[in-house]
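Order-wise, the sequence lines are chains U and D.
Number 1352 marks the last residue of the first sequence (the working numbering); no jumps.
Number 191 marks the last residue of the second sequence (the working numbering); no jumps.
C-beta atoms are modelled at their ideal positions from N, C-alpha and C, and glycine is treated no differently.
Being a predicted model, the structure only gives us computed values, none of them experimental.
Working notes for the structure below.
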Amino acid sequence: GAVVSQHPSRVICKSGTSVKIECRSLDFQATTMFWYRQFPKQSLMLMATSNEGSKATYEQGVEKDKFLINHASLTLSTLTVTSAHPEDSSFYICSARDLASGGAKGEQYFGPGTRLTVT
Amino acid sequence: AQSVTQLGSHVSVSEGALVLLRCNYSSSVPPYLFWYVQYPNQGLQLLLKYTTGATLVKGINGFEAEFKKSETSFHLTKPSAHMSDAAEYFCAVSEWRDDKIIFGKGTRLHILP
Chain U
1234 GAVVSQHPSR VICKSGTSVK IECRSLDFQA TTMFWYRQFP KQSLMLMATS
1284 NEGSKATYEQ GVEKDKFLIN HASLTLSTLT VTSAHPEDSS FYICSARDLA
1334 SGGAKGEQYF GPGTRLTVT
Chain D
79 AQSVTQLGSH VSVSEGALVL LRCNYSSSVP PYLFWYVQYP NQGLQLLLKY
129 TTGATLVKGI NGFEAEFKKS ETSFHLTKPS AHMSDAAEYF CAVSEWRDDK
179 IIFGKGTRLH ILP
């Protein structure tokens, strides 16, 4: 099946610094990637939809200047948490939609997640 | 707007017993429905999905779910629980015209020996 990777799997950073998380589709092309945030014991909340070659679409309440998303190629999207604070600590999960899946809209493959801890 | 309601944040069943995880959805158009499983500190794995056609959908690991439009439900079942089924389960909905997937709050399944 389709594989999505994320790097790093865990990261600890100091308050005020920026952290970049990569999401890659390993064996398929993804015109659209999604970034989710999951707080402990809670559901996934969609943060933004990332389209290759264009600006990301952010969900209401998500600061686009704080969570920078770049989707430079059909296999890579990055999420940069700028000026991170302890409240940004969370589990960040990306997903990618397989271009080849065509009519199976909604078919998304999820990465393993990145645990961000801001101290 | 779409939404998903999962009844019961925690469900406990004995090993070998029937697993039933409940999910109700709200959608203004015919929905796509999904069940995902998440193991600790891992991403989500698709168990099964309904898009069109047969309303009884079979997935991996012996799970299945039935789309009931009249009840706006998509409950997940497995005839006989296994210890390895202990995990968090998420029901999700999306619309055919929209890539977004909306997740329920999740149900943690506990398997009792």
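- In chain U, which residues lie less than 7 Å from residue 121 of chain D when you measure between Cβ atoms? Counted from its first residue, the second sequence places residue 121 of chain D at position 43. Going along chain U in sequence order, the residues near residue 121 of chain D (Cβ under 7 Å) are 1326, 1343, 1344, 1345, 1346.
- Query: Applying a beta-carbon distance threshold of less than 8 Å, which residues of chain D neighbour residue 1277 of chain U?
  - Reply: The residue given as residue 1277 of chain U occupies position 44 in the first sequence. Near residue 1277 of chain U (Cβ distances below 8 Å), the residues of chain D are 122, 168, 181.
- Item | Any chain D beta carbon closer than 8 Å to residue 1265 of chain U | Numbered from 1 along the first sequence, position 32 holds the residue referred to as residue 1265 of chain U. By this cut-off, residue 1265 of chain U is an interface position.
- Task: Verify whether the separation of the beta carbon atoms of residue 182 of chain D and residue 84 of chain D is less than 8 Å.
- Result: One-based indexing of the second sequence puts residue 182 of chain D at position 104. One-based indexing of the second sequence puts residue 84 of chain D at position 6. Yes, they are a contact pair.
- Task: Taking residue 184 of chain D as the query, report the chain U residues whose CB atoms sit under 7 Å from its CB, ordered along the chain.
- Result: Your numbering for residue 184 of chain D matches position 106 in the second sequence. What residue 184 of chain D touches in chain U: 1276.
- By Cβ distance below 6 Å, which residues in the same chain neighbour residue 115 of chain D in space, the five residues on each side in sequence not counted? What you label residue 115 of chain D is simply residue 37 of the second sequence in a count that begins at 1. Taken in chain order, the residues that qualify are 123, 125, 165, 167.
- Item | Best match in D:88, D:150, D:135 for proximity to residue 143 of chain D [C-alpha to C-alpha] | Within the second sequence, the letter at position 65 stands for residue 143 of chain D. The shortest Cα separation from residue 143 of chain D among D:88, D:150, D:135 belongs to D:135.
- Proximity winner among U:1282, U:1312, U:1276, U:1240, relative to residue 1293 of chain U (alpha-carbon distances): Numbered from its first residue, the first sequence carries residue 1293 of chain U at position 60. Selected option, being the one with the closest Cα: U:1282.
- Item | Residue(s) in a DSSP beta bridge with residue 1239 of chain U | Start at 1 with the first residue of the first sequence, and residue 1239 of chain U comes out as number 6. U:1256, per the DSSP bridge assignment.
- Opposing strand residues paired with residue 1351 of chain U [DSSP bridges]: In the first sequence, counting from the first residue as 1, residue 1351 of chain U sits at position 118. The partner list for residue 1351 of chain U (beta bridge, DSSP) reads U:1246.
- Message: According to DSSP, is residue 81 of chain D part of a helix, a strand, or is it coil?
- Response: Locating residue 81 of chain D in the second sequence gives position 3, where the first residue counts as 1. Of the three classes helix, strand and coil, the one that applies to residue 81 of chain D here is strand, per DSSP.
- Identify the contact partners of residue 1330 of chain U in chain D, using a Cβ-Cβ distance below 7 Å as the criterion. Along the first sequence, read from residue 1 onward, the residue named residue 1330 of chain U stands at position 97. What residue 1330 of chain U touches in chain D: 177.
- Item | Inter-residue Cα distance where the pair is residue 1306 of chain U and residue 173 of chain D | For the purposes of this step, residue 1306 of chain U is identified with residue 73 of the first sequence, where counting begins at 1. For the purposes of this step, residue 173 of chain D is identified with residue 95 of the second sequence, where counting begins at 1. About 26 Å.
- Message: Using the Cβ count rule (16 or more neighbours within 10 Å means buried), how would you classify residue 1302 of chain U?
- Response: Within the first sequence, the letter at position 69 stands for residue 1302 of chain U. Counting the other CB atoms within 10 Å of its CB gives residue 1302 of chain U a total of 16 or more, which places it among the buried residues.
- Residue interval of the beta strand (DSSP E) (run including residue 98 of chain D): Numbered from its first residue, the second sequence carries residue 98 of chain D at position 20. 97 to 104 is the span of the beta strand (DSSP E), which, as asked, contains residue 98 of chain D.
- Item | Where the beta strand (DSSP E) containing residue 1311 of chain U begins and where it ends | Locating residue 1311 of chain U in the first sequence gives position 78, where the first residue counts as 1. Per DSSP, residue 1311 of chain U belongs to the beta strand (DSSP E) from 1309 to 1314.
- Item | Of the listed residues D:94, D:98, D:111, nearest to residue 150 of chain D (C-alpha basis) | To locate residue 150 of chain D, count along the second sequence from 1; it is residue 72. The shortest C-alpha separation from residue 150 of chain D is found at D:111.
- 3-residue-minimum beta strand (DSSP E) runs that sit fully inside the region 107 to 139 of chain D, ordered along the chain: 109 to 116, 122 to 128, 134 to 136
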